[in-house]
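The opening residue of the sequence shown carries number -7 in this note's numbering; numbering runs sequentially from there. C-beta: ideal position from N, C-alpha, C; glycine also. Take a look at the structure below.
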Amino acid sequence: MSARDDPQAVIERTSPPRADADRPASERVVERVAAAEGSDPARLEGRLYDAVDADGLDALVDRGSSDLAVEFAFSGYTVVVEDDGPGSVSVEVTE
């Protein structure tokens, strides 16, 4: 059974390596949703900026807060972005 067939399946939850920590959270979200789809980020059916203010998301993550949790729907998935501590943001993608 693929993750797409199981709506409760967590597709991916990652804390990026330190080198990844300098990349915008919005970029990481697109990459993780594309990975869940088995697709290239440019081929996703939706655009991130139609789902969430990408600049605002990046600004929230850059500010850093242990209370940060942003949830939104994007390209058929539920995305949760959380601050896991200095330089570490997790992106959870579920269907």
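Residue i and residue j closer than 8 Å at C-beta
i	j	result
residue 34	residue 40	no
residue 52	residue 18	no
residue 69	residue 83	no
8 Å CB neighbourhood of residue i in its chain, flanking five on each side removed
i	result
residue 67	25, 29, 36, 37, 38, 43
Start and end residues, beta strand (DSSP E) containing residue i
i	result
residue 14	Looking at the DSSP string, residue 14 is not in any beta strand (DSSP E), and its letter there is neither H nor E.
Delimiting residues of the alpha helix (DSSP H) encompassing residue i
i	result
residue 104	This structure does not reach residue 104, given that the chain is present from -7 up to 87, and the question cannot be answered.
residue 65	It is not in any alpha helix (DSSP H) - residue 65 instead sits in the beta strand (DSSP E) that spans 61 to 66.
Same chain, Cβ closer than 7 Å to residue i, five either side skipped, listed in chain order
i	result
residue 61	72, 74
residue -1	With a pLDDT of 48 at residue -1, under the threshold of 50, the modelled position of that residue is not reliable, and the figure given next carries that caveat. Within the same chain, residue -1 has close Cβ partners 87.
Residues near residue i by beta carbon distance below 6 Å, same chain, minus five either side
i	result
residue 63	72
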